[in-house]
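Written out below as structure tokens is the structure these notes cover.
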Amino acid sequence: MQQRFSSFFASRRGILVAGAIIGVVAALLQYLGNPPNMGVCVACFERDMAGALGLHRAAAVQYIRPEIIAFVLGALGAALVAGEFRPRAGSAPIVRFVLGMFAMVGGLAFLGCPWRALLRLAGGDLNAVIGAAGLVLGVAAGVGFLKNGYSLGRSYRTYRGAGLILPLLMVGLLLLVVCRPRFTPDGPIFFSTTGPGAMHAPILLALAAGLVIGGLAQRTRFCTMGSVRDVMLMGDTHLISGVGGLLAAAFAVNLVLGQVHFGFGGQPVAHSSHLWNVLGMSLSGLAYALGGGCPGRQLILSGEGDGDAGMFVLGMIVGAGVAHNFALAATPDRIVGGAIEVGGLGPAGMVAVVLGLVVCLAVGFTMREKL
Amino acid sequence: MTRQVDARGLSCPQPVILARQAIRAGEFPVEVLVDTRTSCDNVRRAMEMLGHTVAVAADGDDFKLKITR
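Heads up: the protein sequence lines correspond to chains A and B, in order. Residues in the first sequence are numbered from 1485 upward in steps of one, following the working numbering. Residues in the second sequence are numbered from 55 upward in steps of one, following the working numbering.
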């Protein structure tokens, strides 16, 4: 029975179905309270978690997102059942941390990760096409490095407890969102009362949705960055079938629920500053390609016991704190007096994106093994 | 003589890249050693796409893929 499930999930039909389920669940989560076009945005939700912990003080984006917790725990459960929990670590963890930080800086320049780019597209936000083009550019650069011997080196088996650290951290965060303690009178845990951080599906539904997605993504190896990379690297369309399933299913559900609004301007939690949408997602795409997985995949790998992926995740969360504390994150478009005021990056954000590209290119050029 | 590739501990898609380089040399069979089911599936799918026959065997906690023409 388990063998039959494994074969199905490894098949093209399996990943297509999994992608479609993720798309349906994401669109439903928006209907149930999550921010528009942000059903399961890994970057946005990790940013919200950073805010809830007080790593940044952007009051509108502070919430401990149960979906992120459940991705990791769902993947852990699926990996344990399938005998695929393999504690491992040691492949240039500090580099992965830095890649995670810059992946978040790029993500907050675009206002989303590749998962959200798909969900924005499924909601009619045409800025996501520009962002997706940037993602493809970044991944293409990563593929170039991979073809020329880029490697962060091997990981090695480690203690079972080491592989459980990130899942246990997620259990701790779950306790914090359930118990909602205040550690100081004015301090964390912070929960937004207005803005995207205040918009969320009921905890139990968010948890259930995250567990389903985490389990499915673990079994199918769903990866948005990998889908583009595999097509470029070897013409392999397996992973991109899942991405297609997500996009089509989310669009269909959005249509039914009246959640589709085509256009560039005035899209929810988005800006139409095209240059920085492209460059931001190029930075993210390159960081994901060098780190070996999109932000969702990094969470899933963490659940499987991969400590290096866990470092990437922690890098993204810290990166979100840095991005908001130092005004690196983009501001969305606003409607002022009936006209659209285009948002985008401030000067510090622009410098940070360029710096991130320089750092990631340096990683790609210098960390390679002779093939 | 069997050409061997040790891709254990390498993250996606390096095992596939190393396997492709090994078969490009044209000496078969090629044996690829990987340590995760994901890498095993990826290498097998990539090799089968290129028209090769792949036999997978467990090797302790690892997987050994034998690739033939």
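Glycine is no exception: its CB is placed at the ideal position from the N, C-alpha and C atoms.
DSSP has residue i in a bridge; who is on the other side?
i                       : result
residue 118 of chain B  : B:87 and B:111
residue 1819 of chain A : A:1824
residue 1781 of chain A : Note: residue 1781 of chain A sits in no beta bridge, so no partner.
residue 1747 of chain A : A:1609
residue 59 of chain B   : B:86
residue 1461 of chain A : Past the edges of chain A, shown from 1485 to 1855, lies residue 1461 of chain A, and the structure says nothing about it.
residue 1790 of chain A : A:1572
Please tell me whether residue i has its Cβ less than 8 Å away from any Cβ of chain A.
i                      : result
residue 121 of chain B : no
residue 59 of chain B  : no
Against chain B, does residue i count as a neighbour if the rule is that its beta carbon must be under 8 Å from one of theirs?
i                       : result
residue 1717 of chain A : yes
residue 1701 of chain A : no
residue 1858 of chain A : The first residue shown for chain A is 1485 and the last is 1855, placing residue 1858 of chain A beyond what the model contains.
residue 1710 of chain A : yes
residue 1768 of chain A : no
residue 1560 of chain A : no
residue 1777 of chain A : yes
residue 1630 of chain A : yes
Which chain B residues are close to residue i, counting only those with a beta carbon under 9 Å from its beta carbon?
i                       : result
residue 1575 of chain A : 63, 64 and 65
Quick one: grab the DSSP three-state call for residue i.
i                       : result
residue 1799 of chain A : helix
residue 1824 of chain A : strand
residue 1515 of chain A : helix
residue 99 of chain B   : helix
residue 1852 of chain A : strand
residue 1867 of chain A : The structure shown does not extend to residue 1867 of chain A, since chain A is modelled only from 1485 to 1855, so the question has no answer here.
residue 81 of chain B   : coil
residue 1548 of chain A : coil
residue 1866 of chain A : Lying outside 1485 to 1855, the shown extent of chain A, residue 1866 of chain A is not represented and no answer is given.
residue 106 of chain B  : coil
residue 1832 of chain A : helix
residue 1813 of chain A : coil
residue 1755 of chain A : coil
residue 1763 of chain A : helix
residue 1543 of chain A : coil
residue 1495 of chain A : coil
residue 1593 of chain A : helix
residue 1839 of chain A : helix
residue 1555 of chain A : helix
residue 94 of chain B   : helix
residue 1521 of chain A : coil
residue 1531 of chain A : helix
residue 1566 of chain A : coil
Can you pull the chain A residues whose beta carbon is under 9 Å from the beta carbon of residue i, in chain order?
i                     : result
residue 79 of chain B : Neighbours of residue 79 of chain B on chain A: none; closest Cβ ~12 Å, over 9 Å.
residue 70 of chain B : 1714, 1717, 1718 and 1720
What does residue i touch in chain A if you count any residue whose Cβ is under 8 Å from its own?
i                      : result
residue 100 of chain B : 1718 and 1720
residue 91 of chain B  : 1566 and 1568
residue 103 of chain B : 1718, 1719 and 1720
Can you pull the chain B residues whose beta carbon is under 7 Å from the beta carbon of residue i, in chain order?
i                       : result
residue 1640 of chain A : 63
residue 1774 of chain A : Those do not exist, as residue 1774 of chain A stays about 10 Å from chain B at its closest Cβ, beyond 7 Å.
Please determine whether the Cβ atom of residue i lies at a distance below 7 Å from any heavy atom of the ligand ADP.
i                      : result
residue 104 of chain B : This structure does not include the ligand ADP; it has no bound ligands of any sort.
Please list the partners that residue i has in chain A, where partner means a Cβ-to-Cβ separation under 7 Å.
i                     : result
residue 95 of chain B : 1494
What does residue i reach in chain B if we use C-beta pairs closer than 8 Å?
i                       : result
residue 1635 of chain A : 64 and 68
Entirely within the segment 1626-1700 of chain A and at least 4 residues each: give me those alpha helix (DSSP H) ranges in chain order. 1644-1647 and 1649-1663
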